[in-house]
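Chemist: One structure is given below, represented as structure tokens, and several questions about it will come after.
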Amino acid sequence: MLARLSSKGQLVIPKAIREAMKLHKGTLFRVQIAEGKLILEPVTSSPIDALYGRYSGVDLLYDLEEEHRREVMCEQEICG
411 MLARLSSKGQ LVIPKAIREA MKLHKGTLFR VQIAEGKLIL EPVTSSPIDA
461 LYGRYSGVDL LYDLEEEHRR EVMCEQEICG
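FYI, the numbering used here numbers position 31 of the sequence shown as 441, with every residue one higher than the one before it.
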């Protein structure tokens with residue numbers, strides 16, 4: 411397959427390769443030259459990066475407080 415470098419220095423990776431490699435918009439690449447060849451290597455994100463933003467909008471502290479309140483009320487009813 412061939413790819414052409416644009417006047418802005420951008421390279422479009424052919425769709426078949428993007429799909430086979432599961433590449434998507436925003437994928438970060440390590441770029442290097444080895445033995446006169448250009449090597450593009452997708453950078454895999456760390457597990458922490460993969461979790462970033464996953465729980466946005468969820469108030470875990472509030473949920474924990476509510477659960478604790480219910481447990482205390484239940485214990486008071488049983489022991490009280």
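Note that beta-carbon positions come from the ideal geometry of N, C-alpha and C, so glycine has one too.
1. Helix, strand or coil for K447, going by three-state DSSP, please let me know.
2. Quick one: residues in its chain with C-beta nearer than 7 Å to the C-beta of A413, no 5 flanking neighbours on either side, listed in chain order?
3. What is the DSSP secondary structure of Q420, counted as helix, strand or coil?
4. Please state whether DSSP places L415 in a helix, a strand or coil.
5. How many whole angstroms separate the CB atoms of R464 and E451, which I take to be in contact at a CB cut-off of 8 Å?
Modeler: Judging by the given coordinates:
1. In the three-state scheme derived from DSSP, where H, G and I count as helix and E and B as strand, K447 is classed as strand.
2. Spatial neighbours of A413 in its own chain (CB-CB distance under 7 Å, excluding positions within 5 residues in sequence) are listed in chain order as L421, V422, I423 and P424.
3. Reduced to three states, the DSSP call for Q420 is coil.
4. Residue state, collapsed to three classes: strand.
5. Contact flag wrong, Cβ pair sits at about 26 Å.
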